[in-house]
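Okay, so here's the structure we're looking at.
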Amino acid sequence: MSEFYGRFGTGLGTLFAALVAVWLAGMVLAPNIMMVDYALRPNLPPADLGGPRDVYSLDNILYLANESVHRSIFFKTVWASALVAFLTLVVCYPLAYWLAQTAAPNRTAVVLLALTIPFWINEVLRTLAWYILLAFRGPLNALLLSLGIIDEPVRWYGNAGVLAGMVYAYILFMLFPIYSAIESLEKSQIEAARDLGASVWRTHWRVVIPHAKAGIATGCVFTFMLAAGSYVAPALLGAPGSRWFTEIIYNWFFEGGDWNRGAAYALVLLVLCMAVVLATLRIARVNLTDVAK
Amino acid sequence: MSAADRILKGLFGFYLAAFFIYLFAPLAIMAAATFNTSRFPTVTPWQGTTLEWFNALAADTGMWQALWTSLVVALFVLVVALPIGTAAALLLTSLNARARSVMYAVMVSPLLTPGVVIGIATLVLWRQLGVGGGTFLIVLAQSSFIICYVMLMVAARLQRFDRTQEEAALGLGASKFMIFRRVILPFLKPSLIAAGFLAALQSIENYNTTLFVRGFDTPLTVYIATKVRTGLTPAVNALALIMIAVTIVGAVAYEVARRRSRSARLS
Chain A
0 MSEFYGRFGT
10 GLGTLFAALV
20 AVWLAGMVLA
30 PNIMMVDYAL
40 RPNLPPADLG
50 GPRDVYSLDN
60 ILYLANESVH
70 RSIFFKTVWA
80 SALVAFLTLV
90 VCYPLAYWLA
100 QTAAPNRTAV
110 VLLALTIPFW
120 INEVLRTLAW
130 YILLAFRGPL
140 NALLLSLGII
150 DEPVRWYGNA
160 GVLAGMVYAY
170 ILFMLFPIYS
180 AIESLEKSQI
190 EAARDLGASV
200 WRTHWRVVIP
210 HAKAGIATGC
220 VFTFMLAAGS
230 YVAPALLGAP
240 GSRWFTEIIY
250 NWFFEGGDWN
260 RGAAYALVLL
270 VLCMAVVLAT
280 LRIARVNLTD
290 VAK
Chain B
0 MSAADRILKG
10 LFGFYLAAFF
20 IYLFAPLAIM
30 AAATFNTSRF
40 PTVTPWQGTT
50 LEWFNALAAD
60 TGMWQALWTS
70 LVVALFVLVV
80 ALPIGTAAAL
90 LLTSLNARAR
100 SVMYAVMVSP
110 LLTPGVVIGI
120 ATLVLWRQLG
130 VGGGTFLIVL
140 AQSSFIICYV
150 MLMVAARLQR
160 FDRTQEEAAL
170 GLGASKFMIF
180 RRVILPFLKP
190 SLIAAGFLAA
200 LQSIENYNTT
210 LFVRGFDTPL
220 TVYIATKVRT
230 GLTPAVNALA
240 LIMIAVTIVG
250 AVAYEVARRR
260 SRSARLS
């Protein structure tokens with residue numbers, strides 16, 4: 000800190016420190032502490048607030064553990080988000096490798112730019128595009144029917160729709176970290192592996208993937224977090240049978256009228272995401288400093 | 000080239016084609032549906048070609064109101080996020096290595112927090128203070144993570160900053176404020192413009208966080224998502240088509256400018 004004040008002087012240094020404090024204390028820390036406070040208190044009518052029943056307990060969290068429908072939706076959201084991350088990885092890895100190692104520089108630039116086009120329009124419109132495509136009487140069913148692949152229109156809304164829409168929505172968050180990780184790999188290493196007789200698979204498994212580990216971990220972490228916390232894809236592309244944990248949280252706030260229980264559910268989601276982030280980064284031996292670059 | 004290699008190459012070509020169809024077909028269909036007379040946006044069956052949905056978009060006052068709300072929010076997010084993000088980056092780069100890595104982890108944590116959680120946390124804190132959802136809370140909730148993007152972009156540029164410039168200015172008698180104003184800020188300008196652009200875009204496109212703190216205000220993303228439930232018409236497609244067209248024009252202009260500046264540098 001002394002170097003900081005030495006660099007900017009007392010006035011400017013204090014202003015900057017105060018701005019950062021407003022952000023981290025006022026806009027990040029305080030809201031999260033209040034959410035924990037809400038999560039641990041019962042939902043009481045105003046008259047009982049501060050009364051004998053207003054005590055801290057884990058009741059709201061235990062409610063989630065004991066309510067079988069919510070619990071199964073929670074676990075489904077966890078593994079479905081992991082599946083989204085995995086599918087996005089499978090979809091993106093070959094392209095990332097091609098862009099970083101094989102394609103001509105000019106072509107790489109054009110393709111990277113083209114990739115960003117769907118991401119300049121917002122997530123709701125991206126999801127809406129899938130909503131239109133997957134409609135029961137929509138273009139996808141019409142195409143498959145005319146090709147004779149299916150005899151009856153398929154109801155895509157539900158798990159399949161949510162998966163397709165989410166993988167689509169998060170491609171860039173996976174592609175860019177992997178691309179920049181593979182880009183830093185020397186071409187000669189891949190050539191050396193090939194000259195020594197390694198197959199294509201073996202070259203990727205033993206040379207490229209270990210090198211790109213940090214990028215892959217970063218992409219997976221972001222995709223998982225975004226998927227688990229997404230509301231719009233399950234709301235538009237889901238079906239009653241494919242409810243997402245965020246929808247349950249939303250209902251506690253705006254339909255069930257129990258903000259305490261909603262806050263408890265949100266807290267569980269937050270803890271889950273933090274745990275997955277930290278565990279993944281530790282397994283891949285990636286420093287948090289390398290994330291978000 | 001061996002047979003196995005050729006098969007692999009063919010497979011890869013197939014994958015590449017499939018990838019780009021996956022990427023662009025939904026957008027193309029969404030855009031094309033603008034011109035179909037069908038009340039529900041679709042391209043099958045094609046009931047007739049029309050431009051009426053552009054008129055419907057122009058007449059949709061709710062949509063324009065929502066766009067205005069989004070623009071106001073984005074403007075205030077810029078006012079909050081640019082100064083704080085810059086201050087955070089300056090603070091970060093002035094710390095010693097150990098403190099820096101701790102501070103860095105704290106500062107990127109909002110990026111790793113699900114958007115709905117950010118919205119909920121902001122909502123419950125401000126209810127306790129007697130403030131309900133609305134534009135003010137949308138700005139605060141969005142800024143809390145958009146600041147991270149600004150901080151990262153400014154910090155990336157600061158890493159290339161030559162500190163001897165500061166020493167030179169100091170030696171010439173500049174005050175610390177002058178140095179900030181005349182040396183550091185001009186150096187940061189390109190990254191501030193880029194960060195401002197990204198911040199505004201992030202703000203306008205946000206849905207998950209905004210949904211929880213919006214109160215009775217309706218920004219564009221919320222308006223569109225609500226339309227899906229209450230009666231979606233191709234007027235929304237007309238809006239999407241305009242946004243896609245603007246993006247493509249922007250992308251082409253960017254690529255042309257890039258090639259031109261590169262060939263200028265080479266010659």
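Taken in sequence, the protein lines are chains A and B.
Take 0 as the starting number for the first sequence in numbering that gives the first Met the number 0 and just add one per residue.
Take 0 as the starting number for the second sequence in numbering that gives the first Met the number 0 and just add one per residue.
Backbone N, C-alpha and C define an ideal beta-carbon position, used for all residues, glycine too.
Everything numeric in this text was worked out from a predicted model, so none of it was measured.
Beta-carbon separation (whole angstroms), residue i vs residue j, contact threshold 8 Å
i	j	result
residue 245 (chain A)	residue 115 (chain B)	5 Å
residue 232 (chain B)	residue 55 (chain B)	6 Å
residue 24 (chain B)	residue 199 (chain B)	Actually they are not in contact, since the Cβ atoms of residue 24 (chain B) and residue 199 (chain B) sit about 29 Å apart, beyond 8 Å.
residue 132 (chain A)	residue 172 (chain A)	Not quite, the Cβ-Cβ distance comes to about 21 Å (not below 8 Å), so this is no contact.
residue 259 (chain A)	residue 31 (chain A)	Between residue 31 (chain A) and residue 259 (chain A) the Cβ distance is about 15 Å, and since that is not below 8 Å, they are no contact.
residue 107 (chain B)	residue 287 (chain A)	7 Å
residue 140 (chain B)	residue 163 (chain B)	The Cβ separation is near 41 Å, so there is no contact.
residue 262 (chain A)	residue 119 (chain B)	6 Å
residue 75 (chain B)	residue 138 (chain B)	4 Å
residue 99 (chain A)	residue 257 (chain B)	Incorrect: roughly 19 Å between the Cβ atoms, too far for contact.
residue 252 (chain A)	residue 84 (chain A)	27 Å between Cβ atoms; not a contact.
residue 83 (chain B)	residue 19 (chain A)	7 Å
Below-8 Å beta-carbon distance, residue i vs any chain B residue
i	result
residue 7 (chain A)	yes
residue 332 (chain A)	For chain A, the structure presents residues 0 to 292; residue 332 (chain A) sits outside this window and is missing.
residue 230 (chain A)	yes
residue 162 (chain A)	no
residue 261 (chain A)	yes
residue 298 (chain A)	With chain A represented from 0 up to 292, any question about residue 298 (chain A) goes unanswered, as that position is not in the structure.
residue 269 (chain A)	yes
residue 287 (chain A)	yes
residue 116 (chain A)	yes
residue 19 (chain A)	yes
residue 104 (chain A)	no
residue 174 (chain A)	no
residue 265 (chain A)	yes
residue 16 (chain A)	yes
residue 204 (chain A)	no
8 Å Cβ cutoff, residue i in contact with chain A
i	result
residue 204 (chain B)	yes
residue 29 (chain B)	yes
residue 189 (chain B)	no
residue 86 (chain B)	yes
residue 166 (chain B)	no
residue 114 (chain B)	yes
residue 109 (chain B)	yes
residue 217 (chain B)	no
residue 74 (chain B)	no
residue 173 (chain B)	no
residue 51 (chain B)	no
residue 223 (chain B)	yes
residue 207 (chain B)	yes
residue 257 (chain B)	yes
residue 93 (chain B)	yes
Considering only residues of the stretch 168-244 of chain B, which uninterrupted beta strand (DSSP E) runs meet the minimum length of 3 residues and lie entirely inside it, listed in chain order?
Within the stretch 168-244 of chain B, there are no complete beta strand (DSSP E) runs of at least 3 residues.
In chain order, each alpha helix (DSSP H) run of at least 4 residues that lies wholly inside the stretch 200-281 of chain A
Those alpha helix (DSSP H) runs which fall completely within the stretch 200-281 of chain A and span 4+ residues are 212-227, 231-236 and 244-253.
Any contact of the stretch 225-236 of chain A with the stretch 157-167 of chain A, i.e. 3+ C-beta pairs under 8 Å?
A contact exists between the stretch 225-236 of chain A and the stretch 157-167 of chain A.
Report the residue ranges of all alpha helix (DSSP H) runs contained in full by the stretch 148-196 of chain A; include only those spanning at least 4 residues, in chain order.
With a minimum length of 4 residues, the continuous alpha helix (DSSP H) runs that stay inside the stretch 148-196 of chain A are 158-182 and 186-194.
Inter-stretch contact at 8 Å, needing at least 3 Cβ pairs: the stretch 90-97 of chain B / the stretch 214-224 of chain B:
Short answer: they don't touch.
What are the residues of the stretch 125-146 of chain B that lie near chain A, defined by any Cβ-Cβ distance shorter than 9 Å?
Residues 125, 126, 127, 139, 140, 142, 143, 144 and 146.
Are the stretch 81-92 of chain A and the stretch 210-218 of chain A in contact at 8 Å, needing three or more beta carbon pairs?
The stretch 81-92 of chain A, when compared against the stretch 210-218 of chain A, does touch it at the 8 Å Cβ threshold.
Evaluate the contact criterion for the stretch 186-195 of chain A versus the stretch 167-180 of chain B: three or more CB pairs, one atom per stretch, below 8 Å.
Judged by pairs of C-beta atoms under 8 Å, the stretch 186-195 of chain A does not touch the stretch 167-180 of chain B, as fewer than three such pairs exist.
Tell me, please, whether the stretch 185-193 of chain B touches the stretch 53-69 of chain B by the rule of three or more beta-carbon pairs shorter than 8 Å.
Touching, no, given that fewer than three Cβ pairs across the two stretches are closer than 8 Å.
Report the residues of the stretch 26-51 of chain A with a CB closer than 7 Å to any CB of chain B, ordered along the chain.
Cβ contacts with chain B: 26, 27, 29, 30, 31, 33, 34 and 37.
Pull out every residue of the stretch 214-242 of chain A whose Cβ sits closer than 9 Å to any Cβ of chain B, in chain order.
Result list: 220, 221, 224, 225, 227, 228, 229, 230, 231, 234 and 235.
Whole alpha helix (DSSP H) elements within the stretch 11-52 of chain A, 4-residue minimum:
Inside the stretch 11-52 of chain A, DSSP marks whole alpha helix (DSSP H) runs of 4 or more residues at positions 29-39, from first to last along the chain.
Name, going along the chain, the residues of the stretch 121-136 of chain A whose beta-carbon falls closer than 8 Å to a beta-carbon of chain B.
Correct list: 121, 122, 123, 124, 125, 127, 128, 129, 130, 131, 132, 134 and 136.
Which ranges does the alpha helix (DSSP H) cover as unbroken runs of at least 4 residues, wholly within the stretch 65-117 of chain A, from first to last along the chain?
Note on the stretch 65-117 of chain A: whole alpha helix (DSSP H) runs with a minimum of 4 residues are 67-96, in chain order.
For the structure I just gave you, are there three or more beta carbon pairs, one from the stretch 269-278 of chain A and one from the stretch 245-255 of chain A, closer than 8 Å?
Contact fails: fewer than three Cβ-Cβ distances are below 8 Å.
Say whether the stretch 31-46 of chain B touches the stretch 104-124 of chain A, bearing in mind that this needs 3 or more beta-carbon pairs closer than 8 Å, one atom from each stretch.
Cβ pair count under 8 Å is below three, so no.
Which residues, in chain order, does the stretch 54-88 of chain A contribute to contact with chain B at a C-beta distance below 8 Å?
Among the residues of the stretch 54-88 of chain A, none has a Cβ less than 8 Å away from any Cβ of chain B.
In the stretch 87-150 of chain B, which residue ranges form an unbroken alpha helix (DSSP H) of at least 4 residues, counting only runs that do not cross its ends?
Complete alpha helix (DSSP H) runs here, min 4: 96-107 and 114-127.
Return the residues of the stretch 245-256 of chain A that lie within a Cβ-Cβ distance of less than 9 Å from chain B, sorted by chain order.
Result list: 245, 248, 249, 252 and 253.
Using 8 Å as the threshold, is the stretch 74-87 of chain B in touch with the stretch 150-158 of chain B, meaning 3 or more CB pairs across them?
Yes, the stretch 74-87 of chain B touches the stretch 150-158 of chain B.
Using a Cβ-Cβ cut-off of less than 8 Å, give me the residues of the stretch 176-192 of chain A that come near chain B, in sequence order.
Answer in chain order: no residues at all.
With 7 Å as the C-beta to C-beta threshold (strictly closer), list the residues of the stretch 139-154 of chain A near chain B in chain order.
Within the stretch 139-154 of chain A, 141 place their CB atoms closer than 7 Å to a CB of chain B, listed in sequence order.
With 9 Å as the C-beta to C-beta threshold (strictly closer), list the residues of the stretch 231-244 of chain B near chain A in chain order.
Only those residues of the stretch 231-244 of chain B whose C-beta falls short of 9 Å from the nearest C-beta of chain A are listed: 231, 235, 236, 238, 239, 242 and 243.
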